[in-house]
Amino acid sequence: MEINELKTTERKSVLITGASSGIGLAIARALADNGYEVYGIGRNFDESSSTPEKFHCVICDITDADALEKSVNEIRKSHPIDVLINNAGCAYYGFHEELNASKIKEIVRTDLEAPLILTQMLLRDMKKYGGTIINISSVTAISHANPHGAAYGAAKAGLYSFSGSVFEEARKHGVRVTAILPDMTDTDLYRNADFKADDEEGASLSPKDVADAVLFVLSRPEGVVVEELVIRPQLHRIKRKTKNDLH
Ligand SMILES: NC(=O)c1ccc[n+]([C@@H]2O[C@H](COP(=O)([O-])OP(=O)(O)OC[C@H]3O[C@@H](n4cnc5c(N)ncnc54)[C@H](OP(=O)(O)O)[C@@H]3O)[C@@H](O)[C@H]2O)c1
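Residues 3 to 249 in this note's numbering are what the sequence shown lists, from first letter to last.
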């Protein structure tokens with residue numbers, strides 16, 4: 003199948019969080035290029051980089067529940083949302099006792115609470131008119147243990163569990179729900195970590211690989227749901243950052 007041949011005869015609106023960088027930016031661009039009207043949420047958009055005409059940047063901190071509700075209601079007034087992509091995420095790594103309460107709250111609010119709130123806001127309409135929810139979880143959700151990333155892994159496992167539950171609640175109403183579980187992807191998510199993917203080709207996914215997975219999920223024929231998708235790079239190689247990487 004040609005991934006680019008998405009059925010976008012009707013005008014479809016997408017709400018995606020974390021559209022200002024990395025995986026979310028790649029997804030937002032790919033969907034806008036494929037005819038979707040994309041509302042991308044983030045706090046810091048690079049104003050110098052050009053975005054497709056159908057990509058609308060919405061500045062909002064999703065850990066602020068009131069601001070999030072206000073922004074989403076504003077968009078919904080003019081555009082019913084057909085596709086919700088819970089992508090924004092933050093991560094802190096290290097021994098759990100080394101994290102502080104504010105970092106823990108930031109992880110849980112960004113990676114779990116905001117997707118729960120957004121889904122709650124949109125689900126009633128999606129049950130009436132149909133819709134798709136894609137949750138960008140992580141392979142950490144299905145690892146037995148995530149040492150040095152316990153809080154992040156717990157939040158991602160929560161999102162993964164939530165994704166399956168919402169699918170079971172909403173499937174008979176025509177709502178499609180998918181969890182995508184990427185492994186190491188070449189983005190800034192590891193800015194707070196003392197490790198990164200090896201530079202060797204094949205040691206990490208690119209944001210486009212995940213965007214292609216989203217296009218694949220959205221292009222399934224009616225009646226077919228990809229409930230979960232695990233994407234891994236060919237190689238499993240991470241390395242400790244050097245002093246140069248840390249600056
Ligand atoms: N990279 C990987 O190896 C990997 C693997 C598995 C899963 N994932 C998941 O993929 C998703 C995207 O991450 P990424 O790798 O693309 O990292 P990234 O480049 O750091 O992107 C994170 C995105 O989330 C947004 N965000 C974070 N906190 C936010 C807040 N409070 N309000 C609004 N937006 C916020 C950021 O935007 P602003 O900073 O502009 O707000 C940014 O657009 C995350 O859920 C991550 O957990 C990543």
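A virtual CB, placed ideally from N, CA and C, is assigned to each residue, including glycine.
Q: Consult DSSP for residue 173 and reduce its assignment to one of helix, strand or coil.
A: Helix at residue 173.
Query raised in the report: How do the segment 152-166 and the segment 103-122 stand: do at least 3 beta-carbon pairs fall below 8 Å, yes or no?
Result: Because the criterion of three Cβ pairs below 8 Å is met, the segment 152-166 and the segment 103-122 touch.
Q.
Residues in the same chain with beta-carbon distance under 8 Å from residue 105, minus the five sequence neighbours each way, listed in chain order, please.
A. Answer for residue 105: 94 and 153, listed in chain order.
inquiry  = Under 7 Å: does the beta carbon of residue 186 sit that close to some heavy atom of ligand 1?
reply    = Yes, ligand 1 has a heavy atom inside 7 Å of this Cβ.
Practice prompt. Compute the minimum distance between the beta carbon of residue 117 and the heavy atoms of ligand 1, and state whether it is under 7 Å.
Written response: Distances taken from the Cβ of residue 117 to the heavy atoms of ligand 1 include none shorter than 7 Å.
Checklist entry - If you count every other CB in all the chains shown that lies within 10 Å of the CB of residue 74, and 16 or more means buried, which is it? => result Buried, by the Cβ-count rule.
> Hey, residue 181 and residue 137 are a contact pair by Cβ (cut 8 Å); roughly how many whole angstroms apart?
Replying inline: Correct: roughly 5 Å between the Cβ atoms.
Notebook entry, point to check: Got a sec? Which residues, its chain only, sit under 6 Å from residue 41 by beta carbon, not counting five neighbours each side?
Noted result: If you ignore the 5 residues before and after residue 41, its C-beta comes within less than 6 Å of the C-beta of 17, 58, 60 and 77, all in its own chain and listed in chain order.
Terminal residues of the beta strand (DSSP E) in which residue 86 lies
DSSP places residue 86 inside the beta strand (DSSP E), whose first and last residues are 85-88.
Margin query: Can you tell me whether residue 15 is buried or exposed? The criterion is at least 16 other CB atoms within 10 Å of its CB, across all chains shown.
Written below: With 16 or more other Cβ atoms within 10 Å, it is buried.
Return the CA-CA distance between residue 234 and residue 215, expressed in angstroms with no decimal places.
If you take the alpha carbons of residue 234 and residue 215, they lie about 12 Å apart.
Practice task
Taking all protein chains shown into account, decide if residue 244 is buried (16 or more other Cβ within 10 angstroms of its Cβ) or exposed.
Solution key: Label assigned to residue 244: exposed.
Here's a check: name, in chain order, each residue in its chain whose Cβ is nearer than 7 Å to the Cβ of residue 204, leaving out the five neighbours to either side.
Taken in chain order, the residues that qualify are 235, 236 and 237.
Exercise for the section: Using a threshold of 8 Å, state whether the C-beta atoms of residue 62 and residue 83 are closer than that. Expected result: Not in contact: residue 62 and residue 83 (Cβ atoms no closer than 8 Å).
Practice problem: May I ask you to list the residues that DSSP assigns as paired with residue 137? | Solution: DSSP output for residue 137 lists 88 and 181 as bridge partner(s).
Can you grab the Cα-Cα spacing for the pair residue 197 / residue 190, in whole Å?
Taking the CA atoms as reference points, residue 197 sits about 12 Å from residue 190.
Q) Do residue 135 and residue 110 have their CB atoms nearer than 8 Å? A) Cβ atoms of residue 135 and residue 110: not closer than 8 Å.
Below 8 Å on the Cβ atoms is my guess for residue 199 versus residue 29; work out the distance and round it to an integer in Å.
The beta carbons of residue 199 and residue 29 sit about 20 Å from each other, so the pair does not count as a contact at 8 Å.
State buried or exposed for residue 226, treating a residue as buried only when at least 16 other CB atoms are found within 10 Å of its CB. Only exposed fits residue 226, as fewer than 16 other CB atoms lie within 10 angstroms of its CB.
**Report entry** residue 112: CB within 7 Å of a non-hydrogen atom of ligand 2
**Finding:** Looking at this structure, you won't find ligand 2 anywhere; what it does contain is ligand 1.
Practice problem: Express the C-alpha separation of residue 47 and residue 208 in angstroms, rounding to a whole number. | Solution: Spanning the alpha carbons of residue 208 and residue 47 requires a straight line of approximately 20 Å.
Next on the checklist: If the criterion is Cβ atoms closer than 8 Å, does the pair residue 172 and residue 210 meet it?
Outcome noted: One thing to note: residue 172 has its Cβ no nearer than 8 Å to the Cβ of residue 210.
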